[in-house]
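Residues 1 to 157 (UniProt numbering) make up the sequence shown, in order. No residue lacks a Cβ here, since even glycine has one placed at the ideal position from N, Cα and C. Small disclaimer: the values here were computed from a predicted structure and weren't measured.
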Amino acid sequence: MCDADFLNQAIQLAKENVKQGGRPFGAVIVKDRQVVSRGVNQILTTGDPTSHAELNALRQAAQYLKTTQLKDCVVYASGQPCPMCLAAMRMAGIEKIFYAYSNADAEPYGLSTAQLAEKLRLDPHQQKGLSFLQLKPAGDMELYALWQQSQSKDFIQ
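If you want it as structure tokens, here you go:
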């Protein structure tokens with residue numbers, strides 16, 4: 001199969017999702033030219049605002065491959081990934097993403113995330129409509145130091 005075939009699979013998933021009452025987004029993750037996972041946007045069916053097609057496919061791929069590092073995988077998405085999905089793909093090590101429809105294509109339908117991406121380019125302290133404050137607990141063991149300590153064989157809970 002070629003890239004266009006995998007991308008068409010993502011588009012078909014999105015179309016089927018629309019027929020089921022969902023939003024028009026589908027994603028396919030491929031490793032070594034084999035599909036390892038598929039996902040559709042399930043925001044409306046689950047009430048979960050993070051249930052995007054790409055995230056659902058990433059979760060499924062990580063479980064199937066038994067790793068959180070998906071560096072050798074390729075994502076095929078019906079729409080341009082939103083900032084949340086893009087961040088998750090970066091954290092998983094994804095290096096190649098194909099998508100069919102851009103934010104400009106989605107804009108007339110109210111499905112673009114371009115404005116959100118623009119806001120997120122600003123420092124969180126400078127974003128309007130977001131109160132972003134750090135409040136460190138006093139007298140507690142540093143959380144990250146606790147995690148690092150837990151990685152040793154001698155860690156006892």
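Going by DSSP in three states, residue i sits in which element: helix, strand or coil?
i, result
"F6", "helix"
"I11", "helix"
"R38", "strand"
"K119", "helix"
"S112", "coil"
"T45", "helix"
"C82", "coil"
"L55", "helix"
"D140", "coil"
"S150", "helix"
"M1", "coil"
"Q63", "helix"
Which residues does DSSP pair with residue i in a beta bridge?
i, result
"C73", "K31"
"I97", "V75"
"G26", "V40"
Excluding the 5 residues preceding and the 5 following residue i in the sequence, name in chain order all residues of the same chain whose CB lies nearer than 6 Å to its CB.
i, result
"Y101", "G79"
"F25", "A14, N41, A53, S78 and G79"
"D3", "F98"
Residues in the same chain with beta-carbon distance under 7 Å from residue i, minus the five sequence neighbours each way, listed in chain order, please.
i, result
"C85", "H52, E54 and L55"
"H125", "F132"
How big is the Cα-Cα spacing for residue i and residue j?
i, j, result
"G129", "G110", "20 Å"
"I94", "D140", "36 Å"
"K31", "C73", "5 Å"
"A10", "L122", "31 Å"
"E142", "Q148", "10 Å"
"K19", "Q115", "28 Å"
"Q127", "E118", "10 Å"
"N103", "Q151", "42 Å"
"D5", "K96", "16 Å"
For residue i, which residues in the same chain have their Cβ closer than 8 Å to its Cβ, ignoring the five residues on either side in sequence?
i, result
"A57", "A27, V28, I29, S37, R38, G39 and V75"
"Y64", "V36 and S37"
Using a Cβ-Cβ distance under 8 Å, would residue i count as near chain C?
i, result
"S131", "Note that chain C does not occur in the displayed structure, where there is just one protein chain."
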